[in-house]
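Note that full-length UniProt numbering has the sequence shown beginning at 1, numbered continuously upward. Note that beta-carbon positions come from the ideal geometry of N, C-alpha and C, so glycine has one too. A quick note: this is a predicted structure, and the numbers were derived from the prediction, not measured. Accompanying notes for the structure given below.
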Amino acid sequence: MAVFEYSPIDLEGPAFRLVRILAADLFSDIQCELFEAWYTECNGGMPYEALSYTWGGTEKTAKISVNGSEMYITKNLYEALQHLRFPDRDRILWVDAICIDQNNNKERGHQVQQMSNIYREADRVTVWLGLGTLETDLVMDYMNQQHKNVVQVGGSLKHSDNQSRLKTGLERLLEHQWFTRIWVLQEIANARRASIVCGWKSVSTQTFAIVPPLLGVKASKQCRAVLDIMPGGSRNHSWWSKGRTLHTLLKRFRTSQATEQRDLIYALLNMSSDACGGKILVPDYTKELKKVVQETTSFLLGHGKSSGKTWNA
1 MAVFEYSPID LEGPAFRLVR ILAADLFSDI QCELFEAWYT ECNGGMPYEA
51 LSYTWGGTEK TAKISVNGSE MYITKNLYEA LQHLRFPDRD RILWVDAICI
101 DQNNNKERGH QVQQMSNIYR EADRVTVWLG LGTLETDLVM DYMNQQHKNV
151 VQVGGSLKHS DNQSRLKTGL ERLLEHQWFT RIWVLQEIAN ARRASIVCGW
201 KSVSTQTFAI VPPLLGVKAS KQCRAVLDIM PGGSRNHSWW SKGRTLHTLL
251 KRFRTSQATE QRDLIYALLN MSSDACGGKI LVPDYTKELK KVVQETTSFL
301 LGHGKSSGKT WNA
């Protein structure tokens, strides 16, 4: 089987690619169809889900079939596709590692500029937190059972004899690397609806975001910031509704993680109130990190903030 090669997409407009995961059972090879789409098409009735996940390392050892050719992806993404694939119907997703030609820096820059639109236009954002355990399965089931109490009755949980195991399962979920990723902020903040998926279990973010304090689980500062902007009632009362200048975001999320150092800046541009949509700072992967930092520093100085003492790329 030949190695998959990308065809160019229109970089002058709102073009992007979607991947159709063909229906099959769990143990069948993963077969996909990759095709170009435009936002206007999606608005007109082509629903898709946007996947939010961690690469789980850069080594691509798992093989899938894309348009009849082979493509290698990371083990974590392969497991995600295995669990998200339907046995009886196809599923259309947007997945960065498949839908963006990662070797084309010009295309990467174009797609990063479109990222907020891609997640905003998605019918649902699906968050993959890896394979499940007995404890994570238990707490995911419990959250679904308690959905009405949590969301409709003002945030309360019925006591469970498995309280200790429930806390352990939730702590495991909140310790997942996904919560440390810089891109997660934009992905989840732009979601209209979202689900947390761990193994074969899933729960709405509306419920998931409320449960930690009700179970007595303390989330890290970064994790709490992500929970606060998940789709649901609390987003409009969180830090998201307050001032979001680039300077403020860089300080708040300076400990976030990214495979690509330039993304520690690029991932925040469309979230910021002052840099979003501007022409001064634009994602461009042909630029060296030093150049990106220099341009960001100049931007911050021009907006009355000196970056040198407050953030590090």
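Reduced DSSP category for residue i - H, G, I as helix; E, B as strand; rest coil
i      : result
Arg20  : strand
Ser69  : strand
Cys99  : helix
Ser234 : coil
Arg254 : coil
Glu295 : helix
Glu175 : coil
Ile210 : coil
Ser7   : coil
Lys201 : strand
Arg165 : helix
Cys223 : helix
Gly275 : At residue 275 the sequence reads Ala, which differs from the Gly that was named. Ala275: coil per DSSP, three-state reduction.
Val217 : coil
Gly13  : coil
Ala80  : helix
Ala50  : strand
Asn117 : helix
Val139 : helix
Gln186 : helix
His303 : coil
Tyr285 : coil
Asp29  : coil
Ser160 : coil
Asn144 : helix
Ile265 : helix
Arg244 : coil
Assigned exposure category for residue i - 16 Cβ within 10 Å defines buried
i           : result
Pro212      : buried
Asn270      : buried
Gln145      : exposed
His247      : buried
Pro231      : buried
Ser307      : Reliability fails at Ser307, whose pLDDT of 44 lies under 50, so the model's placement of it is uncertain and the value that follows must be treated cautiously. Counting Cβ neighbours within 10 Å, Ser307 comes out buried, since at least 16 surround it.
Arg85       : buried
Leu11       : exposed
Ile280      : exposed
residue 314 : Since the first and last residues shown for the chain are 1 and 313, residue 314 lies out of range.
Val19       : buried
Phe253      : buried
Asp274      : buried
Leu26       : exposed
Glu260      : exposed
Thr296      : buried
Gly13       : exposed
Gly302      : exposed
Trp178      : buried
Ser256      : buried
For residue j and residue i, the rounded distance between their alpha carbons
i      : j      : result
Arg262 : Val95  : 20 Å
Met1   : Val66  : 11 Å
Ile229 : Asn76  : 25 Å
Arg235 : Gly243 : 14 Å
Cys32  : Arg91  : 10 Å
Pro8   : Gln163 : 53 Å
Ala267 : Gln186 : 7 Å
Ser21  : Ile188 : Sequence check: residue 21 is Ile here, not Ser. One C-alpha to the other measures close to 22 Å.
Glu121 : Trp38  : 11 Å
Ala191 : Val184 : 11 Å
Gln294 : Val150 : 47 Å
Thr58  : Thr245 : 31 Å
Lys309 : Lys287 : Residue placement at Lys309 is poorly supported in this model, since its pLDDT is 47, which falls under 50; the coordinates are not used for a value here.
Ala219 : Ile210 : 11 Å
His147 : Leu93  : 26 Å
Asp284 : Asp101 : 14 Å
Asn104 : His110 : 10 Å
Tyr6   : Ile98  : 10 Å
Ala15  : Glu175 : 35 Å
Val217 : Val112 : 34 Å
His237 : Gln206 : 14 Å
Glu135 : Gly169 : 4 Å
Met140 : Lys167 : 11 Å
Leu138 : Leu289 : 44 Å
Gln222 : Leu173 : 14 Å
Cross-strand partners of residue i (DSSP beta bridge)
i      : result
Lys63  : Tyr72
Lys290 : BP columns for Lys290 are empty, so no partner.
Ile92  : Arg20
Arg181 : Gln257
Trp55  : Paired residues: none, contrary to the question.
Phe35  : Leu18
Ile196 : Val127, Val203
Any non-hydrogen atom of the ligand FMN within 8 Å of residue i CB
i      : result
Asp274 : Summarising the ligand content, the structure contains no ligands, and the ligand FMN is consequently not present.
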